[in-house]
Each structure stands twice: as C-alpha cells, then as structure tokens.
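Residue numbers (the working numbering): 655 to 1309.
C-beta: ideal position from N, C-alpha, C; glycine also.
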C-alpha cells in the first residue's frame, strides 16, 4: 500500500497545476481595467488603432469571402444596387451610431452597458441577459459560420476537392478546435497574426478587383448585357431601388464588424494622460478604427458585387454551384490562374478561420463583465481558459447541428447582428436625447427605425434566426438562474465601510459582550425599539440591562449580486444605538457585518432574531428575488459557508 502515497501526491500536484493554469488571470481585456478612479499612470497601454482594426478586420473584411455571393443570391442582377443601399446604411447609419457608442462605452461593453444604465431591478438584468443572448448568437455564429466557409473554400479548391469531398463538417470542427487552442495559449500576441492576415487578404482582393474591372472594361458588351437584362426584369430605376430596399435585410451580414469593433476597444492604445474614467485617446482611436474599416469595406463591397454579378454566371451562385459562398475565389481561379487561386484560397481560409478570433475576443470581454457580477456564473467564468473551453464546446455543438452549412447559419448570424445594431441605435438615441442634442436625437431615431424595420423584415423572412437566438437566450437565462441559486448563500459583500459613529459603537461594545439585534425598521418610534428589546430579552432569557446595538438593513436593488456595504451609526430617542445598512439582501449584509466586527475587534459577536412566519419555500423565493424572506437561517448559512471554523463563527440566536 505504501507506494500509492507518492502516486496520490503526484496526482494531486498535477491536478493543482492544471487548476492553476486554467484559472490563471482574468480575461485579457479585463487586465486593462484598473477602475474608474485610476490616475494617468494607470492608463491603458495597448496597440495602435490600425493594428486593432486588423483584429476586428479579420471578422469584418473576411465577409468578402461570402458577401458577394449572398448579395447575388438575394438580389440577382440588382446585387450592385442593393449593395450600394447596404453601403449607404453602413456609412450614414451604423457608423455614426457606433462612433457614439465608442464615446459612451469605451471599455468594450458596447450598447449593452448603455442600456443597462437605463434599467434597474430584475427587468434590467433580464433585458441585459436577452441582449447577451443575441450577442452570443452573433459572436458564436461568427466563429462557426466563418470556419464553415473556410472549410468550403478548402473543399472547393480544384487541387484537393477530390480528396476532401464531403469532409466539410470534420474540417470545420478542426478549425474551431484550432481557434480554441490559440486562446488557450494566449491571445494578445495574435494581433500581429491578424495584421499579417488582413494585409495579405486585402492585397489579394485588390488584385482580383483590378483584374475583374479590367475584364469588364475590355468587354463592353458585359455591361450592356447586364443593363439590358436589368431594365427588362425591373422596368425603371424607381422599381430597381424599391426592390433593392426590400432585399436589403438579406444583405445584413455586411454590417457584422461594428459590434466586434467596439468589443475590442480595450486593446487600443490611449494618450499618455488617459485614465479609465476618461480614455480620450482610446475613444479617438476607436473612431478612426470604425471609420477606416467601414470605408475600406464599403469600397470593396460595391466593386466586388459589381464584378461578380457581371462576370459570374447566375447558376454558379446557387447552392452546389462553383461560386456559392466563394464568388471572389471563383474569379481568382478563373482569371488569375490556378496557382494564384490557390494562394487566394489559402489566404481566405486563414482569415475566415481567424475571423472567429475577434468574435471570441468579444465574448471573453463581454460575458465576464456581466454574468459573474450578476451572480449568474461561477467565479471561474472570470478566467479566460475555462470560458474558451465553454465557447469552443458550444461552437462544436452549433457546427454539428447546422452540419457546417454556411447558408443555414446566415439567418441566425444576421438576426444577432441586426438586434445588436438596433439596440445600439436605440441606446445612442436615448443618450443624445438626455444630452439635449435635438439634431442627433432625430437622426439617431430615424436610424433606429431603419434598423428595427430591417430586423423585423429579417425575422419574418428567416424566422430560424430568431429561433436560434431564442435558444441562446433561454440557455443563458436558465444557466444564469441556476448559477445564482447555487451561489445564493455566498458572502456577496465586496467590502465593509463604517462611518465615524458606527466605528465608535463597535469600539465601545467590544469591551463587553458584542450583542446585536436584527430589527426590521417600521415606524422607528420609541415603542418599536423598547418592545423589540423586551421581546429579544424574554425569548433568549437575557437580562434587560445588557448592552445591545440594533442593526437595520434597507434593501436597495435586490437583483444586484455584489456590492460594497456602507454602515451608518445613529442614536434614536436619546438611548438606542442603531447601525443602518443598505444592501441588496438582508442576510448577506448582516453576515458581512458580523464577520467584519469579529475581525476588527477580535471578539465573537452575537446576533438575535425573531422567527419569520410563513412557508419556508416561499420565504426562500422572497430571499432570492427580493433580498428578504426568512433572514435568520439564511444569515447562519451564509456565515457557515464564509467561515468553516465553527469556533470562530459569529453566533446566531433565534427566539
């Protein structure tokens, strides 16, 4: 039996190392958030804005891999005109909205944080969880759809199509796993990889665009044929614009980069005098990022939709066609040769695979800032690696459900994108209205109406998108509430701060027996405290001459999970000392106060309660939802979890 001891010891050591590695550090983004009161020396030192643009660009620019094909399928010959509508909405709608979001929420939480400030209590939490569900839909489908499209480009390459036929699902799963491995290793350094990928990809696209425009220019009949067919099919320019507006919601994937553009803001280098409360340089850099990427993408979208519509046969865009999901790759092979086409495929595969990187970064920045703070995720959800594993496994599940089909995931992707953009437009409209900026309020309101129409039209056209989003929302809410129930008895007070009067009460009573009476404030008249003291002394067989301090808790927002506890001392009716607390729950506040008193005085405090009448289950629901309920046993349970040593645990008495 003896040899098993070293084996058990080495196994325990290995488990400890694995646990330490998994929980090492918080999310990379969060490392740069010293707090709102940090001075200039704490300013974020990140990357130049154009380098971070490449990080979000692997998502935004990679949509060139499939956007022209989506536009051709949705609008047919009207693809260039419909794309111009998309560009107008991008530059005149989404860009101003997100430039304002960057100003209002510079720490990467985006419009969700702006809307969170407008709502309190459980309705605010549920609203945020709903938006997080759509954000998860957007970002996770970005990962799976991009990986699936990368697999499509690989499978469709003429050199390997025979060997990799029908292997798209397996290839997509491998690409998702590789992306997860990158984040398990560490991610901040990967910005350099994003810069190289974006630079190469855009350069190759410039070559394809130039050659495509040359072929259009040297074959004048192509433009004439297209123009004639367009007129025959739609009649006049007004009808064409009307149809283009109707099909616009189907092109919404072309707006996908803005939310990730805001999510990666914490990576942007600020000015030397920036603080976390006023990161002026970071905001300016984020605005440059958003504007530059939108302009670059708009130019590419218009030109690529034009050349692909004119140069690629219509049947090739359809499912199973050689240009389906890879229109520019089709042109690269067709007009620049197999070698260049293969290089283009490799570049497209790489950037589509890495497009999930900005989405993963967005998830890792967004989720840990909300769910653990709401008590709706375990403590380990603040660390990078466990969350990477969770998101990777969910991406596996989504890929398997959709069988790595790009077209099948488009509806869910567009729904997530449009809901987030609509919420951002509404948030900045409210912000402008509160700032009494009448012109901006009207402008943002009009933009909000446009995006709400687009969202509703997309949901009607592709209801599967909102169904998938609803599944994410239901999953997040269910898991969040289960987590909150599991953590209900945690000590949820971050710190205890006593005012001068409260400190004087504690110092004075520490020389005797520390006896506290929990009182639910009612009239706060002389009779209330006199009768309460008499009742406690009678129930617990205590002499009335003993020294007591009353403790009263006022419940603020019971949906909050963690908060600072401030304690105020009062003397009422010339004789009764009262400690007044404000917290999200009564029991946690009392437990935190007892432990604080024990630690600062070295004495073991005693607290006295009366039993609460009512059904125990109903009382627990009152505690869970409203911070009240059966206070005495819950206070004792919180103390038991916080202090395992029974000899050092404050005493709870109930009569």
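For residue i, the residue or residues it bridges with in DSSP
i: residue 1310; result: The chain is shown only over 655 to 1309; residue 1310 falls outside these bounds and no answer can be derived.
i: residue 1234; result: 1206, 1222
i: residue 1307; result: 1262
i: residue 1023; result: BP columns for residue 1023 are empty, so no partner.
i: residue 701; result: 922
Proximity test, residue i beta-carbon vs the ligand ZN heavy atom, cut-off 6 angstroms
i: residue 849; result: Here there are no bound small molecules, and the ligand ZN is not part of this structure.
Beta-carbon separation (whole angstroms), residue i vs residue j, contact threshold 8 angstroms
i: residue 970; j: residue 976; result: 5 angstroms
i: residue 939; j: residue 922; result: 4 angstroms
i: residue 1140; j: residue 1105; result: Actually they do not touch by this definition, with Cβ atoms about 38 angstroms apart.
i: residue 1334; j: residue 947; result: An answer regarding residue 1334 cannot be provided, because it is not within the stretch 655 to 1309 covered by the chain.
i: residue 1246; j: residue 1145; result: 6 angstroms
i: residue 912; j: residue 944; result: 7 angstroms
i: residue 1147; j: residue 1260; result: Not a contact, Cβ separation roughly 20 angstroms.
i: residue 760; j: residue 936; result: 6 angstroms
i: residue 996; j: residue 813; result: 6 angstroms
i: residue 852; j: residue 1038; result: In fact, because the Cβ distance is near 23 angstroms, the residues do not count as touching under 8 angstroms.
i: residue 1070; j: residue 1129; result: About 14 angstroms separates the two Cβ atoms, so there is no contact after all.
i: residue 606; j: residue 1233; result: Outside the modelled stretch of the chain, which goes from 655 to 1309, sits residue 606, for which no answer is possible.
i: residue 883; j: residue 731; result: 6 angstroms
i: residue 870; j: residue 728; result: No, residue 870 and residue 728 are not in contact; Cβ-Cβ is about 22 angstroms, not under 8 angstroms.
i: residue 838; j: residue 1042; result: 6 angstroms
i: residue 762; j: residue 920; result: 5 angstroms
i: residue 1209; j: residue 1237; result: 7 angstroms
i: residue 1118; j: residue 1066; result: 7 angstroms
i: residue 1082; j: residue 754; result: 4 angstroms
i: residue 723; j: residue 979; result: 5 angstroms
i: residue 833; j: residue 1007; result: 7 angstroms
Buried versus exposed, by CB contacts within 10 Å (16 or more), residue i
i: residue 1289; result: buried
i: residue 751; result: buried
i: residue 1054; result: exposed
i: residue 694; result: At residue 694 the pLDDT is 37, less than 50, meaning the model places this residue with poor confidence and gives no usable figure here.
i: residue 1077; result: buried
i: residue 1281; result: Note that residue 1281 has pLDDT 48, beneath the 50 cutoff, so the model's placement of it is unreliable and no number is given.
i: residue 1185; result: exposed
i: residue 772; result: exposed
i: residue 1250; result: buried
i: residue 877; result: exposed
i: residue 1292; result: buried
i: residue 697; result: Because the pLDDT at residue 697 is just 39, under 50, the model does not fix this residue reliably, and the value given afterwards should be weighed accordingly. By the 10 Å Cβ count, residue 697 comes out buried.
i: residue 918; result: buried
i: residue 993; result: exposed
i: residue 904; result: buried
i: residue 703; result: buried
i: residue 1206; result: buried
i: residue 910; result: buried
i: residue 991; result: exposed
i: residue 691; result: For residue 691, the predicted model reports a pLDDT of 37, less than 50, meaning its position is unreliable and no value from the coordinates is stated.
i: residue 886; result: exposed
i: residue 1300; result: exposed
i: residue 1240; result: buried
i: residue 1149; result: exposed
i: residue 1120; result: buried
In chain order, which beta strand (DSSP E) runs of at least 3 residues are fully inside the region 1130 to 1212?
1147 to 1152, 1169 to 1172, 1203 to 1209
What are the complete alpha helix (DSSP H) segments, minimum 4 residues, inside the region 720 to 764?
721 to 729, 733 to 743, 749 to 758
Say whether the region 944 to 957 touches the region 858 to 871, bearing in mind that this needs 3 or more beta-carbon pairs closer than 8 angstroms, one atom from each stretch.
The way I'd put it, the region 944 to 957 does touch the region 858 to 871; three or more beta-carbon pairs between them come closer than 8 angstroms.
Taking 8 angstroms as the cut-off, does the region 1046 to 1061 touch the region 1108 to 1115 (at least 3 CB pairs, one atom from each stretch)?
no
Could you check whether the region 1212 to 1230 touches the region 1252 to 1268, counting it as contact only if at least three pairs of C-beta atoms, one from each stretch, sit closer than 8 angstroms?
no
With three or more beta-carbon pairs closer than 8 angstroms as the criterion, would you say the region 785 to 799 touches the region 1009 to 1017?
The region 785 to 799 makes contact with the region 1009 to 1017, as at least three CB pairs between them are under 8 angstroms.
Quick one: which unbroken alpha helix (DSSP H) runs of 4-plus residues sit fully inside the region 877 to 928? Chain order, please.
891 to 901, 911 to 917
Does the count of Cβ pairs from the region 799 to 815 and the region 823 to 836 closer than 8 angstroms reach three?
In short, these stretches touch, since the Cβ pair count reaches three.
At least 3 beta-carbon pairs within less than 8 angstroms: the region 846 to 858 vs the region 698 to 711
yes
I'd like the ranges of any beta strand (DSSP E) spanning at least 3 consecutive residues and lying wholly in the region 848 to 878.
none
Any beta strand (DSSP E) of 3 or more consecutive residues that is wholly inside the region 1041 to 1069:
Fully enclosed beta strand (DSSP E) runs of 3 or longer: not present.
Cβ contact (3+ pairs, closer than 8 angstroms) linking the region 1176 to 1183 and the region 1222 to 1230:
yes
Quick check on the DSSP output: what are the complete beta strand (DSSP E) runs of length 3 or more inside the region 939 to 1020, in order along the chain?
As for any beta strand (DSSP E) of minimum length 3 sitting wholly inside the region 939 to 1020, there is none.
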